[in-house]
Every structure is written in structure tokens, then in C-alpha cells.
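S.K.: Attaching a single structure in C-alpha cells format; questions to follow.
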Amino acid sequence: MSRKGNRKTRHSKGGYTMKSMYRAVIIIAALVLLLPLSARAEIRAGSFEVNPYIGVNFFQHSQNLNTAPVFGGRVGYNFTKYFGIEVAGQFIRTNLNDNLKLDNTEGQFGYPMDRVDLYFYHIDAVVHLIPDGRINPFIVAGFGGANYSPSISNGGGMPAFNVGAGVKVWLMDNIALRFDVQDYIVTEIFQETYHNIGVTAGIVFAFGGRRVAEPPAPEPTPEPAAEAIEKGRATLDVKFDFDKSVIKKGYYGDIDNLVSVMKQYPETNVALEGHTDSVGSDAYNKRLSQQRADAVKHYMVQKGGIDSNRLNAIGYGEERPIASNDTAEGRAQNRRTEAVVEYLIKK
């Protein structure tokens, strides 16, 4: 038979394609997305896990084999939430890479063939790096054997080792997605070593295990006896000379009284409102009223030791008179900074 004829036979015997495997992955992912999300608390000590999976295997170049689908399964037991063991087996059916085929040999194979079947079986140790929560990354390493059909070893089976990492993502209390990347290292003793990189995805079904006991609910705290509460109120009214923002000494005592109240009741905050009479432009009076409010705030911070964050100085200009601006007496009443603070007195 011609080489061209062999290629046709080789492609027709596979029984499945990479495209069909990808379609299966998409279908499984879609079905998983329909499941309700309910976070599993942790990897449980004493639990068993069953994990069917599929994926893709990338062969080392020297094996002269095409990338192929992987089908396999694992059964594991978690001794603690950090450490477990599992046994696994997987099957790969591939064919030869015609682009690399030599004259009368098939890469590592000493004779022509259309199909190569590969079986891996191994026992692994699994270490969960973060066992608590919905997402559990892990590392895995193990040993076992590999069988090629047709065989590439005179003794049939060959020693194999594997090392890799992955992650489990819990969808329900006992169902998770698992993703792995592992290097399956097959060795012919004292001869050749082959690397097979497997990328797989599967579903984990978990059984049993000890749940972490939830702490008992705390005893309800008895409500304290109702306290008698009375409202207190302190006011401040500082008058200023015409066109001035300097505090007159006669008002220091009034400001000190307000400082004392605020120190006694540290939960209180105060708005300091500056005002002017109607003499002058609106813009000028706005600035002057702000300066009067700032002057009182500065005194309370620098002299009284009140935190500036508890004081809000606002200038209202001539907007809020308390007396008529038509008389000198009325205008004197309007040139002011005032404040009101209310507080609760517990008895």
C-alpha cells in the first residue's frame, strides 16, 4: 500500500476527533453552569472523591505522535484537608505525525503502524495549598506505569512518574470542577525518557468526610436597663466690631464654656456660623463672615484643643439677619458668629 493510502487509513480509524472532544467540554461546561452555586466550606478530612475527566495530551517531539484527546478517571481519599492520595488511569489514542516520519520507522517505533494506544496508571499524593473556601489550588506528584500499544519497550510496561498542579472549584456542597496540568514522564530504564504534558478538566463528586463544627451561637446579651436620658443644649453668640473679625476678650469665657461641653461630650460636633450686617457688597460680606467663623474655630482648636474635624465654619454673609439693618443697634446684632450644640445627659 502506498504511503498516501496509509495516511487515509490512519485518519479514518481514530473514531473521534479533537473537535468532538472540544464539543464535549463545551457541553459539560454548559451543564455545570446550570447547577446552583453553593460554596463548599473546605476539603474535608475523611472524604472520598471520584473524578472522571477529559483533556488533551501533548507528546514530546521525539515520540513522533500527534496531540490527542485524553480520557480518564481518579478515585481519591483525603486523610486531612491538606493531604490525600488518589489512584488514576487514563487512555490516549493517537496516530503518527507524518510530518516527522522517517524512511521506514515511526519515530520511537521500529516499524510502521496506523494507530497508537497509550495507557497511564499511577498513584499520586495530593497537597491542597488552600483547603478552605470555594477554590482549592493543589499540587500533585506520583508514580506508576505506562503501556504503549504497539509496545516501544521489550518488557511491555514502562515506569512512569507524574508531577503537576491544578485547582478545584466547588459548585455545590459535593460537586466541583477540577482542572489539572501534569507532566507524565515515561522512562525506558537506562535508555530514553519521554515527557507527555496533559491538560485536563473534569467533575469531582465528593462523599463523606467530617464537616468543621460551627461554633455555638453566643448567648444573647441581656439588654441593659434603660437609662434616664435628658437633652442638653449649649449656645454661643460672639459679636464683632464693624468690618472686623477679631474676637473681643469679653467673649473668651463664652467660647471656653462651649469647649468644655464638647470635651465632656466627645460625640458632639458643632457648626460655627458667621454673619455680617448689610453694609458692603455681598461678596465682601461673604468673605468677612467666613473670617469671623474661622476666627472662632481657630480659637477653639488652638486654645481649647478641640479636633478641627469636629468644627465646621460657615460664612453666610448678610443672608441671615436677626435684627433690622436699618439701625446701628440692629446692625451690631447682625455682626456675629453663633453656634448651637445639643447633647444627651445620662442619669
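For any residue, its number in the working numbering is found by taking its place in the sequence shown, counting from 1, and adding 17. Beta carbons: idealized from backbone N, C-alpha and C, even for Gly. Computed from a predicted model, the values in this text were never measured in an experiment.
Name the DSSP beta bridge partners of Ile370, please?
M.R.: Since the displayed the chain opens at 18 and closes at 364, residue 370 lies outside it and no answer follows.
S.K.: Could you give the first and the last residue of the continuous beta strand (DSSP E) run that contains Gly181?
M.R.: To locate residue 181, count along the sequence shown from 1; it is residue 164. 175–189 is the extent of the beta strand (DSSP E) around Gly181.
S.K.: Would you list the one or two residues that DSSP bridges to Tyr211?
M.R.: Locating residue 211 in the sequence shown gives position 194, counting from the first residue. The partner list for Tyr211 (beta bridge, DSSP) reads Val203.
S.K.: Does the stretch 256–270 come close enough to the stretch 322–336 to have 3 or more Cβ pairs within less than 8 Å?
M.R.: Short answer: they don't touch.
S.K.: Leaving out the 5 sequence neighbours to the left and right, which residues in its chain are closer than 6 Å to Arg309 when beta-carbon positions are compared?
M.R.: What you label residue 309 is simply residue 292 of the sequence shown in a count that begins at 1. Closer than 6 Å at Cβ, skipping near neighbours: Phe257, Ser262, Gly291, Thr354.
S.K.: Taking 8 Å as the cut-off, does the stretch 186–203 touch the stretch 212–222 (at least 3 CB pairs, one atom from each stretch)?
M.R.: The stretch 212–222, when compared against the stretch 186–203, does touch it at the 8 Å Cβ threshold.
S.K.: Name, in chain order, the residues that DSSP records as bridge partners for Asn164.
M.R.: Residue numbering aside, residue 164 sits at position 147 when the sequence shown is read from its first letter. BP columns for Asn164 point to Tyr136.
S.K.: Looking at the strands, I want to know which residues DSSP matches up with Glu335.
M.R.: Translated into the one-based positions of the sequence shown, residue 335 becomes position 318. According to DSSP, which records beta bridges pairwise, Glu335 is partnered with nothing at all.
S.K.: Going by alpha carbons, who is nearest to Ala182 out of Lys314, Val157, Gly174, Leu135?
M.R.: In the sequence shown, the residue the question calls residue 182 occupies position 165. Nearest of Lys314, Val157, Gly174, Leu135 to Ala182, Cα basis: Val157.
S.K.: Residues in its own chain within less than 7 Å of Gly101 by CB, not counting five upstream and five downstream?
M.R.: Translated into the one-based positions of the sequence shown, residue 101 becomes position 84. For Gly101, where only same-chain residues beyond five positions count, the Cβ hits under 7 Å are Gly93, Tyr94, Asn95, Val143.
S.K.: Under 8 Å: do the stretch 267–283 and the stretch 295–303 share three or more Cβ pairs, one atom per stretch?
M.R.: They do not touch, by the three-pair rule.
S.K.: If you reduce the DSSP assignment to three classes, tell me which class Asp260 lands in.
M.R.: Against the sequence shown, residue 260 aligns to sequence position 243. In this structure, Asp260 counts as coil in the three-state DSSP scheme.
S.K.: Across which residues does DSSP place Glu66 in a beta bridge pair?
M.R.: Along the sequence shown, read from residue 1 onward, the residue named residue 66 stands at position 49. In the DSSP output, where bridge partners are listed per residue, Glu66 has Gly93, Ala223.
S.K.: With distance defined between alpha-carbon atoms, name the residue in Pro86, Tyr138, Arg132, Asp260 nearest to Val104.
M.R.: Along the sequence shown, one-based indexing puts residue 104 at 87. Checked all of Pro86, Tyr138, Arg132, Asp260; the closest Cα to Val104 is Tyr138.
S.K.: Can you grab the Cα-Cα spacing for the pair Lys314 / Glu240, in whole Å?
M.R.: As a working mapping, residue 314 is identified with position 297 in the sequence shown. As a working mapping, residue 240 is identified with position 223 in the sequence shown. Taking the straight line from one Cα to the other gives about 40 Å.
S.K.: Check each candidate in Val180, Ala177, Leu188 and name the one with the smallest Cα separation from Glu59.
M.R.: Here residue 59 is taken as the residue at index 42 of the sequence shown, counted from 1. Minimum Cα distance to Glu59 is reached at Leu188.
S.K.: For Leu367 and Val357, what's the separation of their Cα atoms in angstroms?
M.R.: Outside the displayed span of the chain (18 to 364) sits residue 367, for which this structure offers no information.
S.K.: Whose C-beta lies closer than 6 Å to the C-beta of Pro338 among residues of the same chain, with five residues either side of it excluded?
M.R.: Position 321 of the sequence shown, counted from the start, is the residue given in the question as residue 338. Contacts found: Asn351.
S.K.: Going by the DSSP bridge assignment, what does Tyr360 pair with across the sheet?
M.R.: By 1-based counting over the sequence shown, the position of residue 360 is 343. BP columns for Tyr360 point to Gly249.
S.K.: Whole angstroms is fine: what's the gap from His145's alpha carbon to Ile152's?
M.R.: Walking along the sequence shown from the start, residue 145 turns up at place 128. Walking along the sequence shown from the start, residue 152 turns up at place 135. Going from the Cα of His145 to the Cα of Ile152 covers about 10 Å.
S.K.: At the 8 Å Cβ level, is Val92 part of the contact set with chain B, yes or no?
M.R.: Protein chains in the displayed structure number just one, and chain B is not present.
S.K.: One question on the structure: do Ile202 and Asn179 come within less than 8 Å of each other, judged by their Cβ atoms?
M.R.: Here the question's residue 202 lines up with position 185 in the sequence shown. Here the question's residue 179 lines up with position 162 in the sequence shown. Yes, they are a contact pair.
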